[in-house]
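S.K.: Below is one structure. I have some questions about it.
Chains as they are written, first to last, in this note's numbering: chain A, 841 to 1144; chain B, 1259 to 1882.
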């Protein structure tokens, strides 16, 4: 069970940094609380006493979605359900609705935030590979260091660890609009809803003007190693090449050695290949490009 | 824990109260506002029994710190309709029989209401997705989906409101749609389960459980816990006045562990205190010295010289049922083919949405009253009389609404120490398991290891069946004896087999005890028998239906336990199953690539997990 002496809801960044300074190590930041509350239970952390919880979800800078030119900025306290419901986000971050439908359930998506998903730094985070495929930049802020920017790919450093310093917050996430891009998200876990990814793959891609060649391909993979990763080997193989089933199939087989998980490696390797392949095919389909049949037969199972 | 001042609107009424700073919205609604229609099934955001609207958005209140909801407008299941009235969604749940145990139902009603508020035209797929965060363990969801579709059609005027009225019953109730009497109390959240009950001066119980699978208890020191202000009673085995030991068949399980513990999660001491948090702190203040013993987790190892759990069972065998009919060796000698195969089944958690809970208090005349969702109150009453050393007429066992049992609430795992705490403190005491406690402490379905040997003629006739079934009964007997019997009785299936040898052996291990669960041992043996027949059909080139028809019992058959059967319906069952499944006849080996029985006419599509987000749908059309 969770227990605290104070639950603070700062209304500004300045107030939040003030609380952090005042309470130092006694304070812990909380956003959606959907990781914190299940963590403070038997079998995990058990009964937890945190002297001061600082809830950052009411800080204006951490909320809202803004499009300036071609650049989208969303507050770190944006909840996952918003990726499905906000028309600006749906248009300019086309991979995120696919991520969101696989994330927890409708109700938890109303609480869980994108910033929390990043800071939690789970190897199986769903939001992080989505943002990686969008080439997102994270805007971090602290009172002493001011603002700094980190590419999302460099943010997680290991399970539960990131480059975020003490006293620093993720304020916002920024990326260039991917409005014209195709996108997909593949995920498998033990169930359909409320499940942690065993493997997930986020794909964002664009074809050239002719509509036959890959121009920009970005694929991110999570659940198979300590941190989510971009699959540069696949991206490089595909970029500039003509879309064919054979090429996609070859690219899908490249990341097999990325699987470094502690368990079920053989299974995950099989899934990675079919997910990368299917992720590219579905992302292409979302912009009206039909790849045609593959030589290798796709195995249809209950787990997709 | 310091307090916060919370002001909010709840079901249209202004609320101003203080709340513990770290508490959850769920705690505030249930404990401070006493609105217990909102349930706690897991406390971890998984089950959806706690769904409420916060400013019109449905959330899981166990995942919301109450401070976040300060200033918000809250709507709980109690606020959906005016008192003594029901919304179309609630009436539809009543009509279709969507509420069974009822524990998931307030959350389901909330999720259904949210789905139809968001899109009053929601199709079945959207309804399923809208209910995706809510778990039901009784219905299989079908009746719930029917209810939401009915409510939708009534709301949209597609069907008249009279569709929500009770169907008329003709001459017979058989085949009629009869509504449950208790459904209105379940769909409105009015029904109080044991964990919802509140009585004045009530204390809260928490339990110290073993962290070891097998250990001697060298000493128990409760003095620090007892010295804490607000702790009113600490109960250990030393407080048991009567003859201890409970179990559905053999009374081998202590109410609270005495000299040793035999599984992780076994109860050792219980604390009754003014608050749950205080009781938890007091549990941590109890000091126990253990001497760890070697533990055994595999039933075969336990039977062959593993560590001994109970002195009276030196071979660790709880119960062995040997059944012999004819001569299997002779039958195997006559066979053209012998098929051998091992089958393993796993232990299974019942996962009823209502975790175990109870409320006990002493009446003025010395009677002890115990409310709990017990599936076996009369048996529990007599056992409690013996353990508490009180005449049976001074024991009142009240069966509170059972929020799902499935056999898992047949054991008296906590009622007696709860009663002891009430007797010792002189105060009413309530105990509510956490989901984690429910999983580690109470009995599961038996895992079986089955060695199967079957002899058959080339024409498919079975000449002999031999089944050697070893079952993991865990640390205590619970229902193992009965499960072994039923498993043995039904083992070889509804087939007329001249030579049968069946052994079911329930074994003590240091795993969580195994007890009753739906089908009570039949599931495990039938899984192996029916799987085995399919394998035999494949080996002999026979249609799986055919091999069963060749061997099935007929009217008047005598089973391998010498029961004479008047009428036997397996022939009709097979005919009907073959017809409605669109079965393609032939041996499994010659079946073509197209299966008409999977997704064919009249059959549902095979299960797949498909992505739900489509880029074409507008946000308004989409329900994730």
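C-beta: ideal position from N, C-alpha, C; glycine also.
#1: Using DSSP with H/G/I as helix, E/B as strand and the rest coil, what is residue 1272/B?
#2: By the DSSP assignment, the beta strand (DSSP E) with residue 821/A in it spans what residues?
#3: Report yes if the C-beta distance between residue 1108/A and residue 1039/A is below 8 angstroms; otherwise report no.
#4: Does any residue of chain A have a CB that is nearer than 8 angstroms to the CB of residue 1705/B?
#5: Applying a beta-carbon distance threshold of less than 7 angstroms, which residues of chain A neighbour residue 1614/B?
#6: From the beta carbon of residue 1317/B, is the nearest beta carbon of chain A less than 8 angstroms away?
#7: Once the 5 residues before and after residue 1083/A are set aside, which same chain residues still bring their CB inside 8 angstroms of it?
#8: Determine the closest residue to residue 1009/A out of 1135/A, 841/A and 897/A, with distance taken between C-alpha atoms.
#9: If you run the structure through DSSP and keep just helix, strand and coil, what is residue 1115/A?
#10: Which residues of chain A have a Cβ atom closer than 8 angstroms to the Cβ of residue 1309/B, listed in chain order?
#11: Measuring CB atoms only, is the segment 1058 to 1068 of chain A touching the segment 1108 to 1119 of chain A, in the sense that at least three cross pairs come out at less than 8 angstroms?
#12: Tell me residue 1602/B's beta-bridge partners as DSSP assigns them.
#13: Return no unless some Cβ of chain B is closer than 8 angstroms to the Cβ of residue 878/A.
#14: What did DSSP end up calling residue 1349/B once you bin it into helix, strand or coil?
#15: Taking a Cβ distance cut-off of 9 angstroms, strictly less, list which residues of the segment 1319 to 1340 of chain B are near chain A, in chain order.
#16: What does residue 1100/A touch in chain B if you count any residue whose Cβ is under 8 angstroms from its own?
#17: Name, in chain order, the residues that DSSP records as bridge partners for residue 1053/A.
#18: For a test of the three-state rule: what should DSSP assign to residue 1129/A, helix, strand or coil?
#19: Taking the straight line between their C-alpha atoms, what separation do you get for residue 974/A and residue 963/A?
#20: Can you pull the chain B neighbours of residue 874/A, defined as C-beta to C-beta under 7 angstroms?
#21: Might you give, ordered along the chain, the residues of its own chain that have their beta carbon closer than 7 angstroms to the beta carbon of residue 950/A, omitting 5 neighbours on each side?
#22: Please confirm if the segment 1753 to 1762 of chain B is in contact with the segment 1717 to 1729 of chain B, defined as three or more CB-CB distances below 8 angstroms between the two stretches.
#23: List the residues of chain A that residue 1694/B touches, going by C-beta distances under 8 angstroms, in chain order.
#24: According to DSSP, simplified to helix, strand and coil, what is residue 854/A?
#25: For a contact defined as C-beta to C-beta under 7 angstroms, what are the partners of residue 1262/B on chain A?
#26: Taking the continuous alpha helix (DSSP H) assigned at residue 1428/B, which residues delimit it?
#27: If the cut is a Cβ gap below 9 angstroms, which residues of chain A does residue 1496/B touch?
#28: Tell me the rounded alpha-carbon separation between residue 1545/B and residue 1312/B.
#29: What number of angstroms, rounded off, separates the C-alpha of residue 1739/B from the C-alpha of residue 1665/B?
#30: Suppose only complete runs of 3+ residues qualify. What are the beta strand (DSSP E) ranges in the segment 1559 to 1601 of chain B, listed by chain order?
#31: Would you decide whether residue 1874/B is buried or exposed? Buried here means 16 or more other CB atoms lie within 10 Å of its CB.
#32: Tell me the DSSP secondary structure of residue 1379/B in three-state form.
#33: List, in chain order, every chain A residue whose beta-carbon is nearer than 7 angstroms to that of residue 1279/B.
#34: Considering Cα atoms alone, identify which of 1606/B, 1412/B, 1661/B and 1752/B is closest to residue 1831/B.
#35: Just to confirm, is the Cβ distance from residue 1336/B to residue 1293/B under 8 angstroms?
#36: Let's see if you can read the secondary structure: which residues bound the alpha helix (DSSP H) around residue 1413/B?
M.R.: According to the structure shown:
#1: strand
#2: Here chain A comprises residues numbered 841 to 1144, so residue 821/A is not present and cannot be evaluated.
#3: yes
#4: no
#5: Residues of chain A passing the Cβ test: none, with the nearest at roughly 15 angstroms.
#6: yes
#7: 1047, 1052, 1053, 1054, 1124, 1129 and 1131
#8: 897/A
#9: helix
#10: 947
#11: yes
#12: 1707/B
#13: yes
#14: helix
#15: 1320, 1321, 1322, 1323, 1324, 1325, 1326 and 1328
#16: Correct list: empty, because the minimum Cβ distance to chain B is about 25 angstroms.
#17: 1082/A
#18: coil
#19: 18 angstroms
#20: 1303 and 1321
#21: 919 and 921
#22: yes
#23: 881, 882 and 883
#24: helix
#25: 847
#26: No alpha helix (DSSP H) contains residue 1428/B, which DSSP labels as neither H nor E.
#27: Those do not exist, as residue 1496/B stays about 26 angstroms from chain A at its closest Cβ, beyond 9 angstroms.
#28: 43 angstroms
#29: 14 angstroms
#30: 1575 to 1583
#31: Summary for residue 1874/B: the model assigns pLDDT 45, below 50, so the residue's position carries little reliability; its value from the coordinates is reported in the next sentence. Flag for residue 1874/B reads exposed.
#32: coil
#33: 844, 845, 846 and 847
#34: 1752/B
#35: yes
#36: 1400 to 1413
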